[in-house]
Structures are given as C-alpha cells and as structure tokens.
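Which chain is which? The protein sequence lines are G and U, in order.
Yeah, the first sequence ends on 291 if you go by our numbering, and it's all consecutive.
Yeah, the second sequence ends on 291 if you go by our numbering, and it's all consecutive.
Backbone N, C-alpha and C fix where the C-beta goes; we use that ideal spot for every residue, glycine too.
For reference, the structure discussed in these notes is given below.
Protein chains: 2
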Amino acid sequence: MPTSTVEQYIKIIYTQREHLGEGVVPMKRLSEAMGVTPGTATTMVKHLDEVELVRYQPRQGVLLTEKGENLALRMLRRHRLIETFLEQVLGYDWSEVHADAERLEHAVSDRFIDKLEDYLGYPEVDPHGDPIPTASGAIEPAIGIPLNTCAPGRRVQIARLIDDDTDFLVYMKNSMIVPGQDFGVRENSAVAGTVTIEHLATRRVVTVGFEPAGRILVSEHG
Amino acid sequence: MPTSTVEQYIKIIYTQREHLGEGVVPMKRLSEAMGVTPGTATTMVKHLDEVELVRYQPRQGVLLTEKGENLALRMLRRHRLIETFLEQVLGYDWSEVHADAERLEHAVSDRFIDKLEDYLGYPEVDPHGDPIPTASGAIEPAIGIPLNTCAPGRRVQIARLIDDDTDFLVYMKNSMIVPGQDFGVRENSAVAGTVTIEHLATRRVVTVGFEPAGRILVSEHG
DNA sequence: TATTATATTTTGAGCAGTCAAAACACTGCG
DNA sequence: CGCAGTGTTTTGACTGCTCAAAATATAATA
C-alpha cells in the first residue's frame with residue numbers, strides 16, 4: 070500500500086510530465102512542484118524506482134512505469150471526483166476546492182470513490198473539464214485544442230482548463246472562461262504574446278497571455 | 070496544528086473515559102484501544118501532557134484538559150457527520166462505515182464539515198443515535214437510559230447504540246435494534262446475565278447479554 | 001510479610017520523510 | 001581547453017511515531 074506521500078509524488082510526476090509534453094521529468098521541476106528540496110526528491114525517487122513505480126535515470130529525470138501510471142490515474146480519478154463533489158454538491162467556490170480535494174484524495178477508500186461516482190451520476194469530466202478516469206483506469210484522451218492555436222475569426226467553446234492553480238482558475242472563472250461557454254477569437258498575436266477573445270453571450274472582451282492560453286483547451290465550431 | 074495521530078489519541082481518550090463512567094483512563098486501556106504497545110502510549114501521553122491536551126498522572130492514567138475536550142468534540146463532530154453522510158447519502162452499509170469515517174475525519178477541513186452539516190440539514194444525531202456536537206462545541210447530554218436498567222413489562226424505544234464496534238452494530242441492526250424501533254421488555258435477569266426484549270412490530274424476540282444491553286440506550290414510554 | 005502477578009515506564013532501535021549544506025557532474029562559454 | 005554556473009546527489013542530522021524487551025512499580029494473594 071503506497072503512503073500518501075508516495076501517491077502525491079506519483080500524481081505530480083504524471084501531471085508534470087503531461088505539462089512537459091514529453092521526455093523525462095527533471096528533478097528540479099519535481100522538487101519544486103512537490104515543495105521539497107531537491108535532495109529530498111532524489112531520495113524519494115530512488116525509493117520509487119526500487120518499488121517499480123518509476124524509472125529513474127540519474128542526472129536525467131524520472132518517468133512513470135506502467136504501475137506508476139495506474140496509480141497516477143487512480144489518484145486523478147479520486148481528485149476529480151472529489152472536486153466535482155465539493156463544487157456541485159457542497160457548493161464550494163472554485164478558489165477553495167483544490168486544497169481540500171488534495172487532502173481528501175489520500176484518505177478515501179476505493180469503495181468511497183466508487184459510491185461517490187455513482188451518486189454523482191458517472192460524470193465524464195470535472196468542473197474544469199478534466200476527464201475523469203474510470204474505475205478500470207481508462208481515461209478519455211484530451212479533447213480540444215489549445216486556445217493559442219486558434220486563428221482570429223473562429224468561434225470556439227471552452228472545453229477544459231488545464232491547471233490546478235487556484236489563482237488561474239478563479240481569474241478564468243471571473244472572465245467567464247469556464248467549460249461550455251462560447252467565445253469568438255478576435256486576435257491571436259504571437260508577437261504581442263496575447264490572445265484576445267470575446268464572450269459571445271455578454272460581448273465581454275478578454276485578453277490573456279499566450280502561455281496561459283495554451284492551458285485553455287477549446288473546440289472550434291463555425 | 071495537531072497531527073492525525075494526536076487527534077486519534079484524544080478521541081479515544083474521550084470515548085474510553087465516557088465508557089468508563091469516571092476516573093482517569095489507564096494506560097492499558099488506552100494502548101489497547103489505540104492498537105499500540107503500552108510503551109508507545111506512555112511516550113505519546115507524556116507528549117500530550119506537555120502540549121496541555123491531557124493531564125497525565127504517571128502510573129495512574131490520563132484525563133483530557135479543557136483544550137483536549139474541545140479537540141475531542143471536534144473529532145466526534147467530524148466522525149458523526151461523516152458517518153451520517155456515508156450511510157444516508159452514499160448508501161454505506163453499517164458494517165462498512167466505521168473504517169472509512171475513521172480515515173476521513175482526520176483529512177477534512179472545518180469548512181468541509183460545516184458545509185456537509187448544512188447539506189445534511191443539521192442532524193442532531195448520527196444513524197446510531199449518537200449526538201452530534203455543534204460547530205461551537207456544544208453537545209447534547211446523553212438521552213435515554215441503559216436497557217439493562219429497564220424492568221420487565223416496560224415499553225421502550227431504542228435511542229442510541231453506544232459503540233463503534235462493527236460486529237456489535239451489525240448484530241444489533243440485524244436484530245432490529247436501531248434507533249427509533251419500539252420494544253417490550255420481557256425479562257431482565259441479572260442472575261442469568263441477559264435481557265430479553267420483543268420487537269413490537271414483528272413480535273420478534275431477542276436476548277442480549279447484560280453488558281451489551283448497557284450500551285443500548287432507550288427511552289421508556291408506557 | 002514475602003511472593004507473585006500485572007500494569008507501567010524506560011531504553012535502544014527502526015522507518016518514513018524531511019532539511020541544510022557539502023560534494024559532484026554536466027552544460028556552455030570565453 | 002579550462003572555468004563558471006546550474007542542476008543533482010550525497011551526507012549527516014532531525015522529527016514523529018512505532019516496537020521489543022528490560023526494568024520498575026503497584027496490587028493481590030498466600
């Protein structure tokens with residue numbers, strides 16, 4: 070049985086890897102995401118390698134094994150179902166959800182999660198549009214394309230916000246950038262480093278930086 | 070901020086003390102209830118004394134301070150609200166509830182508990198009839214009298230089952246002994262060490278030992 | 001009172017996770 | 001090539017919690 074610290078490392082390695090696109094996750098990145106010193110991360114990762122959850126290449130970085138990936142998906146499933154519950158049932162605000170979910174996900178049993186999923190009606194995505202892995206570990210591939218790849222003039226619908234940072238999420242919510250909302254792309258300037266979109270329902274115009282726009286996935290239509 | 074181990078010790082000291090009726094809680098009892106060796110309990114209790122959560126009298130036992138009592142009530146509140154949620158909302162069976170609640174209660178925030186309480190509609194007791202302390206730490210005094218003090222012929226209603234032991238609770242549930250059910254007392258024999266009651270709705274007769282009957286609280290009526 | 005049983009405390013050790021700081025290994029640049 | 005800067009690993013130490021086993025105190029019984 071993995072400790073909750075191990076669970077946390079594995080989850081972070083998974084999401085950092087996703088964030089990175091490809092290649093191994095370097096120690097600096099891991100230690101920063103975990104909020105520990107680099108030496109601590111090294112020690113831990115050597116242990117994780119021994120128990121076959123990761124493959125550790127000294128001085129390069131770390132990758133999840135199949136076993137590690139399974140654990141990561143189980144954690145993601147927990148996290149996202151709990152987030153959905155906190156927001157939709159208990160009425161949490163977006164700014165409050167993450168911290169509580171983070172603590173709960175290490176304390177709940179599989180039974181709890183399965184019953185919670187049933188109670189919630191088997192949602193496919195959480196409130197930020199992140200897909201929820203099934204009990205068997207299946208996960209939908211990311212749908213949508215990054216907003217910063219959309220040409221001006223296109224109409225897009227927000228599909229997913231890829232980030233657990235509270236400030237990011239709250240800002241997006243306040244700008245109506247939540248899954249399901251329709252926008253028109255007004256401008257996309259790599260030079261200026263910004264993407265400008267207009268909320269179709271309210272005519273409200275929002276400009277976001279190029280980098281954050283990459284973490285907003287949309288589906289194009291029209 | 071107390072660790073979850075500390076929280077657990079404090080909760081156990083509270084309930085063992087309640088179980089005992091009065092006096093200090095001896096180390097043997099504490100260590101057994103905690104599932105640790107006596108030496109471990111001693112070490113821990115000395116620490117708890119230092120941080121003013123308990124008063125530790127060497128070779129006698131341990132008592133909660135005011136501060137400790139407050140923490141215990143906060144844990145009881147968590148535990149009982151979570152149990153109520155697991156059973157009434159997620160559909161847990163009585164036999165499954167305890168273990169999961171025990172792990173969750175150390176992981177949830179005050180915010181979570183307050184929102185959960187609101188969602189559940191501010192219940193006053195959990196499914197076993199145990200009173201739920203309020204956010205301010207107030208708790209209803211135990212209502213009801215022990216079943217083993219009831220004379221034959223009386224009609225009683227189950228008010229509360231004082232025990233967290235899964236086997237005890239499951240047995241009682243299978244015998245219809247759950248809060249709200251009406252019974253007639255048929256026999257109460259200190260000599261035989263048994264109490265025999267009849268479930269009025271089904272005419273079913275159940276005999277329980279004298280000791281367990283002391284952990285069944287009832288209200289007399291008629 | 002002396003002896004035995006039982007409860008309790010002490011001691012020494014170990015595990016998981018962490019840090020600070022020193023040692024080390026790779027860039028890449030002059 | 002040699003050296004600086006950055007990222008990485010090693011080392012030694014500490015905290016919180018635990019155990020096993022030895023030492024000690026208390027209570028019970030003969």
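Would you kindly check if the distance between the Cβ of residue j and the Cβ of residue i is under 8 Å?
i, j, result
"residue 195 of chain G", "residue 152 of chain G", "yes"
"residue 225 of chain G", "residue 287 of chain G", "yes"
"residue 172 of chain U", "residue 141 of chain G", "no"
"residue 101 of chain U", "residue 144 of chain U", "no"
"residue 159 of chain G", "residue 185 of chain U", "yes"
"residue 221 of chain U", "residue 257 of chain U", "yes"
"residue 81 of chain G", "residue 103 of chain G", "yes"
"residue 271 of chain G", "residue 245 of chain G", "yes"
"residue 181 of chain U", "residue 169 of chain G", "yes"
"residue 79 of chain U", "residue 137 of chain U", "yes"
"residue 289 of chain U", "residue 219 of chain U", "yes"
"residue 206 of chain G", "residue 139 of chain G", "yes"
"residue 107 of chain G", "residue 97 of chain G", "yes"
"residue 167 of chain U", "residue 111 of chain U", "no"
Using three-state DSSP, classify residue i as helix, strand or coil.
i, result
"residue 178 of chain U", "coil"
"residue 290 of chain U", "coil"
"residue 105 of chain G", "coil"
"residue 273 of chain U", "strand"
"residue 82 of chain U", "helix"
"residue 268 of chain U", "strand"
"residue 120 of chain U", "coil"
"residue 92 of chain G", "coil"
"residue 160 of chain U", "coil"
"residue 192 of chain G", "coil"
"residue 246 of chain U", "coil"
"residue 215 of chain U", "strand"
"residue 206 of chain G", "coil"
"residue 113 of chain G", "helix"
"residue 220 of chain U", "coil"
"residue 283 of chain G", "coil"
"residue 231 of chain U", "coil"
"residue 153 of chain U", "helix"
"residue 241 of chain U", "helix"
"residue 144 of chain U", "helix"
Could you please give me the residues that DSSP links to residue i through a beta bridge?
i, result
"residue 77 of chain G", "None; residue 77 of chain G has no bridge partner."
"residue 125 of chain U", "U:131"
"residue 226 of chain U", "U:251, U:288"
"residue 258 of chain G", "G:263"
"residue 200 of chain G", "G:194"
"residue 41 of chain U", "Missing from the structure shown is residue 41 of chain U; chain U here goes from 70 to 291 and no further."
Pop quiz: residue i and residue j are said to be a contact at Cβ under 8 Å. What is the actual Cβ separation, rounded to whole angstroms?
i, j, result
"residue 249 of chain G", "residue 227 of chain G", "7 Å"
"residue 273 of chain G", "residue 265 of chain G", "Residue 273 of chain G to residue 265 of chain G, Cβ: 11 Å. No contact."
"residue 269 of chain G", "residue 251 of chain G", "5 Å"
"residue 284 of chain U", "residue 232 of chain U", "5 Å"
"residue 217 of chain G", "residue 282 of chain G", "4 Å"
"residue 99 of chain G", "residue 85 of chain G", "6 Å"
- Within the chosen definition, does the segment 141 to 151 of chain G reach the segment 105 to 119 of chain U through at least 3 CB pairs nearer than 8 Å? Segments in contact, no.
- Message: Could you check whether the segment 197 to 208 of chain G touches the segment 271 to 278 of chain G, counting it as contact only if at least three pairs of C-beta atoms, one from each stretch, sit closer than 8 Å?
- Response: Output reads no: the segment 271 to 278 of chain G does not touch the segment 197 to 208 of chain G.
- Message: Within 8 Å, do at least three Cβ pairs link the segment 85 to 96 of chain U to the segment 123 to 131 of chain U?
- Response: Cβ pair count under 8 Å is three or more, so yes.
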